[in-house]
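To keep things clear, I will list the structure first and then write my remarks on it.
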Amino acid sequence: KAGSESGTGVSSVNGTGTQVTPGTRHFIEADANAAYFFSNGLGGIVRLGLGFGVGSSSETIGEGKANSLLSIFVGPAYKLDFSERTSAYAGLGLAWQRTSQTVSDDKLSLSGAGAGAELGLLVAITPHATIQAGVHADYLFSLSSALNGSSSVKEDASSLAFKPFVGVAYAF
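In terms of this note's numbering, the numbers along the sequence shown are unbroken and rise by one, the last being 185.
Here is the structure:
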């Protein structure tokens with residue numbers, strides 16, 4: 014899945030790197046997604062993602078050597094079956110994310126908590142395998158940053174991430 018993240022704040026750590034101005038960071042992310050739905054359509058989603066930075070639309074201080082992103086989403090969901098082969102689902106829940114970047118010999122990191130949502134479409138290709146497509150969004154409003162593992166500093170900033178995805182799902 015590919016995604017973009019943007020944020021607001023003056024000289025805040027956002028995405029991966031210290032932002033001179035509000036900007037957008039771009040990541041490629043691999044996710045493991047587990048969902049369970051009861052026969053009435055109610056259920057839940059747990060998503061764990063690991064991403065690597067692939068660029069920025071704003072300037073950062075220094076040249077980053079390594080960009081990384083770790084994200085977690087947990088929440089209730091509802092699945093609606095359109096036919097025997099096609100269904101859609103939607104979920105709302107809690108989101109947490111940590112991004113980091115090495116600049117020169119300094120490691121910058123940003124952790125955030127907030128709310129997330131996911132909307133997806135499933136099309137069965139076998140009785141147990143489906144093609145899945147959708148979008149995941151996170152709004153992180155409780156952000157803290159750290160430099161070289163020092164104590165966290167609360168930031169007056171927020172982060173919004175949109176992550177469209179396509180994947181293959183297997184039902185047990």
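Using N, Cα and C, we set each Cβ at its ideal position, and we do this for glycine too.
Since this is a predicted model, take the numbers as computed values, not measurements.
Cβ shell of residue i (< 7 Å), same chain only, five flanking positions each side left out
| i | result |
| --- | --- |
| Tyr183 | His141 and Ala142 |
| Phe65 | Phe40, Ile41, Asn80 and Ser81 |
| Ile144 | Val136, Ile138 and Val181 |
Same chain only: Cβ atoms within 6 Å of residue i, ignoring 5 sequence neighbours per side
| i | result |
| --- | --- |
| Thr99 | Val136 |
| Phe50 | Gly56 and Lys92 |
Nearest residue (CA-CA) to residue i, options the options
| i | options | result |
| --- | --- | --- |
| Leu153 | Ala126, Lys120, Leu82 and Phe178 | Ala126 |
| Tyr102 | Val148, Val181 and Ile138 | Val148 |
| Asn80 | Glu97, Leu123, Ser157 and Leu134 | Leu123 |
| Ala108 | Ile41, Ser52, Pro177 and Gly62 | Gly62 |
| Asp151 | Glu97, Gly133 and Ala128 | Ala128 |
| Gly186 | Ala90, Leu173, Ile41 and Ala45 | Lying outside 14 to 185, the shown extent of the chain, residue 186 is not represented and no answer is given. |
| Ser158 | Phe185, Gln110 and Pro177 | Gln110 |
| Ala174 | Leu160, Leu134 and Leu82 | Leu82 |
| Ala10 | Thr139, Phe51, Leu105 and Ser155 | For residue 10 there is no data in the structure shown, the boundaries of the chain being 14 and 185. |
| Glu97 | Ile138, Thr115, Gly88 and Arg60 | Ile138 |
| Pro177 | Phe185, Leu132 and Ile144 | Leu132 |
| Ser84 | Ala45, Gly54 and Asp119 | Ala45 |
Where residue i falls: helix, strand or coil (DSSP)
| i | result |
| --- | --- |
| Phe185 | coil |
| Asp151 | strand |
| Glu42 | strand |
| Phe86 | strand |
| Thr139 | coil |
| Glu131 | strand |
| Ser96 | coil |
| Asp119 | strand |
| Asn80 | strand |
Contact under 7 Å by Cβ, residue i with residue j
| i | j | result |
| --- | --- | --- |
| Ile58 | Ala43 | no |
| Val181 | Ala146 | no |
| Leu134 | Leu160 | no |
| Ala130 | Leu93 | no |
Neighbour-count burial assignment, residue i, 16 or more Cβ in a 10 Å radius
| i | result |
| --- | --- |
| Phe86 | buried |
| Ser113 | buried |
| Ser172 | buried |
| Ser52 | exposed |
| Glu72 | Confidence is the limiting factor: at Glu72 the pLDDT is only 44, short of 50, which leaves the residue's position unreliable, though a coordinate-based value still follows. Glu72 comes out exposed. |
Residue i Cβ short of 6 Å to the ligand SAH heavy atom set
| i | result |
| --- | --- |
| Leu121 | Among the ligands in the structure shown, none appear at all, so the ligand SAH cannot be discussed. |
Cut-off 8 Å between Cβ atoms - residues of its own chain near residue i, not counting five sequence neighbours on either side
| i | result |
| --- | --- |
| Gly54 | Tyr91, Lys92, Leu93 and Asp94 |
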